[in-house]
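These protein sequence lines are chains X and W, in that order.
With my numbering applied, the first sequence covers 285 to 423.
With my numbering applied, the second sequence covers 125 to 597.
Below is one structure, written out as structure tokens; comments come after it.
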Amino acid sequence: MLARKTATRTLILTLLALSLSLALTGCQRASQQGNSAPASGVTMDFTIDPDPALVGQTQAIVTLTAADGQPVTGATVALKGDMSHAGMQPVLADAAEQDPGVYRTEFTWTMAGDWIVTVTASLADGTTAEQQFDLSVTR
Amino acid sequence: MTRTSASLHRPAPAFDLLRVPGLGRLLRWRWGRLVFQAPLAVIAAVMIYDGLTGPKLAPQNLATVATWVHYRGLVVLALLLAGNLFCMSCPFTLPRTLAQRLARHGRRWPRALRNKWLAITLFVGLLFLYEAFDLWASPWLTAWLIVAYFVAAFVFEALFAESPFCKYLCPIGAFNFVGSTISPLQITSRDADVCRSCVGKECVNGSAQVLGCGTELFVPQIRSNLDCVLCLDCARACPHDNVALAARKPLSELTNAAWPRRWDVALLALVFTFAALGNAFGMVPPVYELEAALAGWLGTDNEVLILALIFGVLYVLAPVLAGVGAAWLSRGLAGGERIRVVLGRYAPAVVPLGFAIWFAHYWFHFASGALTIIPVLQSFMIDHGVALLGSAPNWRLGAILPANGLFLLELGSVLIGFLASLAVLRQIADNAHNDSRMARRAMTPWLVLLVLVAVLAVTLFTLPMEMRGMMTG
Numbered sequence: 285m286l287a288r289k290t291a292t293r294t295l296i297l298t299l300l301a302l303s304l305s306l307a308l309t310g311c312q313r314a315s316q317q318g319n320s321a322p323a324s325g326v327t328m329d330f331t332i333d334p335d336p337a338l339v340g341q342t343q344a345i346v347t348l349t350a351a352d353g354q355p356v357t358g359a360t361v362a363l364k365g366d367m368s369h370a371g372m373q374p375v376l377a378d379a380a381e382q383d384p385g386v387y388r389t390e391f392t393w394t395m396a397g398d399w400i401v402t403v404t405a406s407l408a409d410g411t412t413a414e415q416q417f418d419l420s421v422t423r
Numbered sequence: 125m126t127r128t129s130a131s132l133h134r135p136a137p138a139f140d141l142l143r144v145p146g147l148g149r150l151l152r153w154r155w156g157r158l159v160f161q162a163p164l165a166v167i168a169a170v171m172i173y174d175g176l177t178g179p180k181l182a183p184q185n186l187a188t189v190a191t192w193v194h195y196r197g198l199v200v201l202a203l204l205l206a207g208n209l210f211c212m213s214c215p216f217t218l219p220r221t222l223a224q225r226l227a228r229h230g231r232r233w234p235r236a237l238r239n240k241w242l243a244i245t246l247f248v249g250l251l252f253l254y255e256a257f258d259l260w261a262s263p264w265l266t267a268w269l270i271v272a273y274f275v276a277a278f279v280f281e282a283l284f285a286e287s288p289f290c291k292y293l294c295p296i297g298a299f300n301f302v303g304s305t306i307s308p309l310q311i312t313s314r315d316a317d318v319c320r321s322c323v324g325k326e327c328v329n330g331s332a333q334v335l336g337c338g339t340e341l342f343v344p345q346i347r348s349n350l351d352c353v354l355c356l357d358c359a360r361a362c363p364h365d366n367v368a369l370a371a372r373k374p375l376s377e378l379t380n381a382a383w384p385r386r387w388d389v390a391l392l393a394l395v396f397t398f399a400a401l402g403n404a405f406g407m408v409p410p411v412y413e414l415e416a417a418l419a420g421w422l423g424t425d426n427e428v429l430i431l432a433l434i435f436g437v438l439y440v441l442a443p444v445l446a447g448v449g450a451a452w453l454s455r456g457l458a459g460g461e462r463i464r465v466v467l468g469r470y471a472p473a474v475v476p477l478g479f480a481i482w483f484a485h486y487w488f489h490f491a492s493g494a495l496t497i498i499p500v501l502q503s504f505m506i507d508h509g510v511a512l513l514g515s516a517p518n519w520r521l522g523a524i525l526p527a528n529g530l531f532l533l534e535l536g537s538v539l540i541g542f543l544a545s546l547a548v549l550r551q552i553a554d555n556a557h558n559d560s561r562m563a564r565r566a567m568t569p570w571l572v573l574l575v576l577v578a579v580l581a582v583t584l585f586t587l588p589m590e591m592r593g594m595m596t597g
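In structure tokens, the structure reads:
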């Protein structure tokens with residue numbers, strides 16, 4: 285009888301803890317809300333040269349296109365490359381506009397593996413577009 | 125529980141951490157463990173919160189960075205320099221008092237499970253999940269892993285009268301127990317005569333105010349750190365103030381036949397060592413080539429199945445075959461006892477090398493990314509409207525050692541571990557055989573095993589590392 289009571293109490297407390305954890309999964313931190321798609325109808329394209337990416341220095345090219353198909357000029361474009369593993373220092377770079385809507389920078393892949401590149405474009409109208417791109421880097 | 129007077133005798137400890145002014149008092153204080161557990165519990169809660177709600181990128185999330193970089197780096201350092209400090213501060217057992225109240229009339233852990241088989245299974249299982257589900261790359265899964273730990277620790281504490289989770293189940297505990305056998309500190313009695321005349325044996329039975337040892341160790345009989353979570357309840361419960369956390373001779377536990385000669389204990393040490401190799405192997409290019417080759421041979425792209433095959437061999441088959449094979453050869457060369465006894469005698473010799481490989485691997489990550497916790501914390505605080513650490517994360521922070529220093533760290537660690545294992549092996553063989561020629565013959569298969577493991581470890585660390593894992597999409 286006592287053992288059953290103990291088991292019931294344990295079950296209730298466990299379920300409470302799990303419910304709290306599940307409820308948390310519905311929340312998001314401020315910086316994570318709505319950052320996966322470009323704002324303002326801007327299309328963001330990310331390419332690298334050479335492709336596929338090799339460890340070492342490469343060229344990263346970001347192309348910004350407005351909803352009407354016109355290049356987005358005058359933006360400030362920042363790139364941040366993260367590896368999939370925690371604790372790896374990211375690679376940071378700022379891309380400069382070389383042609384209308386085309387932003388280019390040197391980008392150094394420090395290790396082979398899976399990378400996630402976050403491109404953040406601060407547009408001339410004050411809005412920000414951000415998108416993540418996955419790619420594998422080999423030797 | 126009954127031992128002869130001679131077996132209880134030991135000299136008074138030269139250094140006792142519990143006698144250090146201030147710190148000793150804090151450690152022996154009734155709420156002393158809580159002082160260490162509470163901050164870790166808060167950190168664990170924040171990690172769960174961020175893992176479930178924060179960035180999906182592992183390098184930007186507190187759950188993944190703190191677990192897979194900082195916890196792992198600091199836990200091996202603590203084991204090396206002091207002892208099982210994580211188990212001492214374990215946040216998962218914080219609800220122990222509540223659970224113990226619930227379990228006042230709980231049942232005993234089944235006799236058939238009073239061994240390390242479940243702990244080995246869960247240890248291997250956790251390492252396999254780590255590979256199969258890229259836990260290092262998933263804040264969400266890491267957070268749920270922490271939740272699962274809290275729940276499991278609580279449930280098993282509540283349902284059973286002792287602490288079976290720590291002693292028989294916990295994979296972290298299994299790792300820490302084996303690692304702590306090389307630690308410089310160990311619980312012991314200050315005066316064996318006091319223990320001999322003690323009536324209540326409160327260190328293990330508990331007193332009205334303080335719980336006794338959760339893993340049911342009797343202080344004057346402790347010769348090993350295996351099973352000691354360093355909770356210091358023994359010191360708090362002892363009415364004679366006769367418990368010491370004493371310094372001991374380096375590696376003495378491994379050479380003094382302190383472990384029971386059991387299959388499970390010996391194989392835990394071997395699995396610990398081979399898992400160190402396997403875990404490092406999971407991060408270098410050959411593992412991806414092997415995966416691709418196996419996928420082709422088996423005609424399947426089921427990654428979980430392929431990884432189960434690879435890591436089943438590395439974590440289970442290899443240590444069993446290597447250990448039993450070395451014991452069989454050792455017996456064949458030097459004659460004598462049963463395989464189990466020979467295995468139990470020599471298995472401790474692999475621990476320093478195994479620990480060194482874990483240390484090298486974990487410290488690669490820690491030394492190359494220790495400072496990444498700062499921008500992650502900055503980002504977390506900024507997201508919550510606190511600009512205490514600045515208004516923008518400094519993502520340029522990362523390593524605490526230069527890249528070329530990392531390899532030297534790995535190589536030096538493996539070399540020191542190998543030499544320590546060699547010293548332990550020689551001492552064990554000398555203790556077991558009066559004839560030095562027979563001792564050399566008995567240790568030869570183990571020496572070959574140690575050389576193989578060390579060469580494999582160095583080879584792994586010379587390979588370029590690749591970090592593959594779950595993508596955000």
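We put the CB at the ideal spot given by N, CA and C, even for glycine.
Everything numeric in this text was worked out from a predicted model, so none of it was measured.
Below 7 Å between beta carbons is the criterion; list the residues of the segment 387-404 of chain X that meet it against any residue of chain W, in chain order. 395, 396, 397, 398, 400
Would you list the one or two residues that DSSP bridges to residue 368/W? Within the second sequence, the letter at position 244 stands for residue 368/W. As DSSP reads the structure, residue 368/W sits in a beta bridge with 312/W.
Between the alpha carbons of residue 586/W and residue 273/W, how many angstroms are there, rounded? Taking the second sequence and counting its residues from 1, one reaches residue 586/W at position 462. Taking the second sequence and counting its residues from 1, one reaches residue 273/W at position 149. Straight through space, the alpha carbons of residue 273/W and residue 586/W are spaced by roughly 35 Å.
Would you say residue 336/X lies against chain W (beta-carbon separation less than 8 Å)? As a first step, residue 336/X is located in the first sequence; it is residue number 52 there, counting from the start. False, the Cβ-Cβ gap to chain W never drops below 8 Å.
Using the beta-carbon of each residue, which ones in chain X are nearer than 8 Å to residue 189/W? Working through the second sequence from its first residue, we reach residue 189/W at position 65. Going along chain X in sequence order, the residues near residue 189/W (Cβ under 8 Å) are 370, 371.
Give the straight-line distance between the Cα atoms of residue 411/W and residue 338/X, rounded to the nearest whole angstrom. Locating residue 411/W in the second sequence gives position 287, counting from the first residue. Locating residue 338/X in the first sequence gives position 54, counting from the first residue. Taking the straight line from one Cα to the other gives about 19 Å.
Any beta carbon from chain W within less than 8 Å of residue 376/X's own beta carbon? For the purposes of this step, residue 376/X is taken as the residue at position 92 of the first sequence. Yes - at least one Cβ of chain W is within 8 Å of the one on residue 376/X.
Closest to residue 582/W by C-alpha separation, out of 538/W, 164/W, 291/W, would be which residue? The count along the second sequence starts at 1 and reaches residue 582/W at position 458. Nearest option by C-alpha distance: 538/W.
Which residues of chain W have a Cβ atom closer than 7 Å to the Cβ of residue 367/X, listed in chain order? Against the first sequence, residue 367/X aligns to sequence position 83. In chain order: 183, 591.
Indicate whether at least one CB of chain X lies closer than 8 Å to the CB of residue 496/W. As a first step, residue 496/W must be located in the second sequence, where it is residue number 372. Yes, its Cβ sits closer than 8 Å to a Cβ of chain X.
Contacts of residue 492/W in chain X (Cβ-Cβ under 9 Å): Start at 1 with the first residue of the second sequence, and residue 492/W comes out as number 368. The answer, in chain order, is 371, 372, 373.
With C-beta atoms as the reference, is residue 186/W less than 8 Å away from residue 500/W? In the second sequence, residue 186/W corresponds to position 62, counting from 1. In the second sequence, residue 500/W corresponds to position 376, counting from 1. When the beta-carbon positions are compared, residue 186/W and residue 500/W come within less than 8 Å of each other.
Output the distance between the C-alpha atoms of residue 378/X and residue 591/W, rounded to the nearest integer angstrom. On the first sequence, position 94 is the one that residue 378/X refers to. On the second sequence, position 467 is the one that residue 591/W refers to. Each residue's alpha carbon lies about 24 Å from the other.
When the Cα of residue 323/W is compared with those of 200/W, 280/W, 342/W, 310/W, which residue comes out closest? Working through the second sequence from its first residue, we reach residue 323/W at position 199. Here the closest residue by C-alpha is 342/W.
Answer with buried or exposed for residue 413/W, where buried requires no fewer than 16 other C-beta atoms within 10 angstroms of its C-beta. As a working mapping, residue 413/W is identified with position 289 in the second sequence. The residue is exposed, with fewer than 16 neighbouring Cβ atoms inside 10 Å.
Mind checking residue 524/W: buried by the 16 CB within 10 Å criterion, or exposed? Taking the first residue of the second sequence as position 1, residue 524/W is located at position 400. Result: exposed.
Could you tell me whether the Cβ atoms of residue 472/W and residue 395/W are closer together than 8 Å? Counted from its first residue, the second sequence places residue 472/W at position 348. Counted from its first residue, the second sequence places residue 395/W at position 271. No, these two residues do not count as a Cβ contact at 8 Å.
According to a CB-to-CB cut-off of less than 7 Å, which residues of the segment 513-531 of chain W neighbour chain X? Answer set for the segment 513-531 of chain W: 519, 520, 522, 523.
Distance, residue 177/W Cα to residue 360/X Cα: Here residue 360/X is taken as the residue at index 76 of the first sequence, counted from 1. Here residue 177/W is taken as the residue at index 53 of the second sequence, counted from 1. Their Cα atoms are separated by approximately 29 Å.
Determine, using beta carbons only, whether residue 352/W and residue 327/W come nearer to each other than 8 Å. Reading the second sequence from its first residue, position 228 is the one you call residue 352/W. Reading the second sequence from its first residue, position 203 is the one you call residue 327/W. Not a contact, by the Cβ cut-off of 8 Å.
Measure from the alpha carbon of residue 329/W to the alpha carbon of each residue in 424/W, 340/W, 449/W, then state which is nearest. Here the question's residue 329/W lines up with position 205 in the second sequence. The option with the nearest alpha carbon to residue 329/W is 340/W.
Below 7 Å on C-beta distance, what does residue 261/W contact in chain X? Stepping through the second sequence from its first residue, residue 261/W is reached at position 137. Per Cβ cutoff of 7 Å: 368, 369.
Should residue 426/W go down as buried or exposed, given a rule of 16 or more other Cβ atoms within 10 Å for buried? Looking up residue 426/W in the second sequence gives position 302. Looking at its Cβ environment, which holds fewer than 16 other Cβ atoms inside 10 Å, residue 426/W is exposed.
Say whether the segment 294-301 of chain W touches the segment 228-246 of chain W, bearing in mind that this needs 3 or more beta-carbon pairs closer than 8 Å, one atom from each stretch. yes
Could you please give the first and the last residue of the uninterrupted alpha helix (DSSP H) stretch that includes residue 174/W? For the purposes of this step, residue 174/W is taken as the residue at position 50 of the second sequence. Here the alpha helix (DSSP H) through residue 174/W covers 156-177.
Measure from the alpha carbon of residue 518/W to the alpha carbon of each residue in 169/W, 145/W, 184/W, then state which is nearest. Position 394 of the second sequence, counted from the first residue, corresponds to residue 518/W. The shortest C-alpha separation from residue 518/W is found at 184/W.
Could you check the C-alpha separation between residue 366/W and residue 238/W for me, to the nearest Å? Position 242 of the second sequence, counting from 1, holds the residue named residue 366/W. Position 114 of the second sequence, counting from 1, holds the residue named residue 238/W. Distance between the alpha carbons of residue 366/W and residue 238/W: 28 Å.
Residue of 415/W, 383/W, 334/W minimising C-alpha distance to residue 664/W: The shown model of chain W, from 125 to 597, leaves out residue 664/W, and the question about it has no answer.
Return the bridge partner residues of residue 569/W from the DSSP annotation. As a first step, residue 569/W is located in the second sequence; it is residue number 445 there, counting from the start. Paired residues: none, contrary to the question.
For residue 503/W, count neighbouring C-beta atoms within 10 Å of its own C-beta (all shown protein chains included) and say buried if the count is 16 or more, exposed if not. Counted from its first residue, the second sequence places residue 503/W at position 379. Around the beta-carbon of residue 503/W, 16 or more other beta-carbon atoms lie within 10 Å, marking it buried.
Pair every Cβ in the segment 443-457 of chain W with every Cβ in the segment 257-274 of chain W, then say whether three or more of these pairs are closer than 8 Å. no
Within chain X, partners of residue 489/W - CB distance below 9 Å: The residue you call residue 489/W lines up with position 365 of the second sequence. Neighbours of residue 489/W on chain X, chain order: 369, 370, 371, 372.
Can you have a look at residue 560/W and say buried or exposed, based on whether 16 or more other CB atoms are within 10 angstroms of its CB? For the purposes of this step, residue 560/W is identified with residue 436 of the second sequence, where counting begins at 1. When all chains shown are included, residue 560/W counts as exposed.
Helix, strand or coil: how does DSSP classify residue 505/W here? Residue numbering aside, residue 505/W sits at position 381 when the second sequence is read from its first letter. If DSSP states are grouped into helix, strand and coil, residue 505/W belongs with the helices.
Can you list, in chain order, the residues of its chain with a C-beta nearer than 7 Å to that of residue 342/X? Leave out the 5 residues immediately preceding and following it. If you number the first sequence from 1, residue 342/X lands on position 58. Within the same chain, residue 342/X has close Cβ partners 332, 333, 334, 391, 393.
Cα-Cα separation, residue 256/W to residue 290/W: Taking the second sequence and counting its residues from 1, one reaches residue 256/W at position 132. Taking the second sequence and counting its residues from 1, one reaches residue 290/W at position 166. Distance between the alpha carbons of residue 256/W and residue 290/W: 25 Å.
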